[in-house]
Amino acid sequence: MTDLKVIHAYRHLYRGLLHAVQFSQPARFVARDRLRAAFRGEGGRLDTRSIIRTIRFLEAATRTRGIEHSILRNLLLVSFYRYHDTQKSWRFVKHNMKKQPMKTVEEHIEKTAYKHYDMTVAMLNKSMGLCLR
486 MTDLKVIHAY
496 RHLYRGLLHA
506 VQFSQPARFV
516 ARDRLRAAFR
526 GEGGRLDTRS
536 IIRTIRFLEA
546 ATRTRGIEHS
556 ILRNLLLVSF
566 YRYHDTQKSW
576 RFVKHNMKKQ
586 PMKTVEEHIE
596 KTAYKHYDMT
606 VAMLNKSMGL
616 CLR
């Protein structure tokens, strides 16, 4: 029974995401990958109320280009540049191996760049009862 609820929740969220981004090319793949990561991740729990609220949020993003649409667009854009755009080719990696190693300040910035963003998304989820990532 629980597996069926998880499958239905995944399908409803995925369908809502596809309609909200209007099946646009890069956004649908980013949304799919983020949804897969959320459902395959460890420690996830099924909260039906937050899933229903998230589906309503996605439906509102589908209907009009209001605040919901811009929030979703920005979440997907940040996710694209955070996870998908960082995949480098082997030539780029080989070329950078010849350069000097990163400085400690640059390493610190790279590690903490998205900390404030993650906290903002977590507070949005908590205040609105959503399950966005």
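Following the numbering used here, the numbering of the sequence shown begins with 486 at its first residue and continues without gaps.
Think of the CB as a built atom: it goes at the ideal place given N, C-alpha and C, for glycine as much as any other residue.
Keep in mind it's a predicted model, so treat the numbers as computed, not measured.
Check this for me: beta carbons of residue i and residue j, under 8 Å apart or not?
i, j, result
"Arg618", "Arg525", "no"
"Cys616", "Ile536", "yes"
"Ile540", "Leu609", "no"
"Gly614", "Arg517", "no"
"Val606", "Leu561", "no"
"Tyr599", "Arg567", "yes"
The alpha helix (DSSP H) with residue i in it runs from where to where?
i, result
"Tyr568", "Segment: none, Tyr568 is in no alpha helix (DSSP H) and carries neither H nor E."
"Gly501", "Thr487 to Ala505"
"Glu527", "Taken as a continuous stretch (DSSP letters only), Glu527 belongs to no alpha helix (DSSP H), as it is neither H nor E."
"Tyr602", "Lys600 to Met613"
"Thr547", "Thr533 to Arg548"
Spatial neighbours of residue i within its chain, please: CB distance less than 6 Å, with the 5 preceding and 5 following residues excluded, ordered by chain position.
i, result
"Ala545", "Glu553"
"Ser564", "Val515 and Arg519"
"Arg538", "Gly614 and Leu615"
Any chance the CB of residue i is under 7 Å from a heavy atom of the ligand ZN?
i, result
"Leu520", "Within the structure as shown, the ligand ZN is missing, as the structure has no ligands at all."
Sorted by chain position, which residues of the same chain lie with C-beta nearer than 7 Å to residue i's C-beta, five sequence neighbours on each side aside?
i, result
"Phe542", "Glu553 and Leu615"
"Lys490", "Leu531"
Check your understanding: Can you find at least 3 beta carbon pairs, one from the segment 504-513 and one from the segment 527-535, that sit closer than 8 Å?
Key -> no
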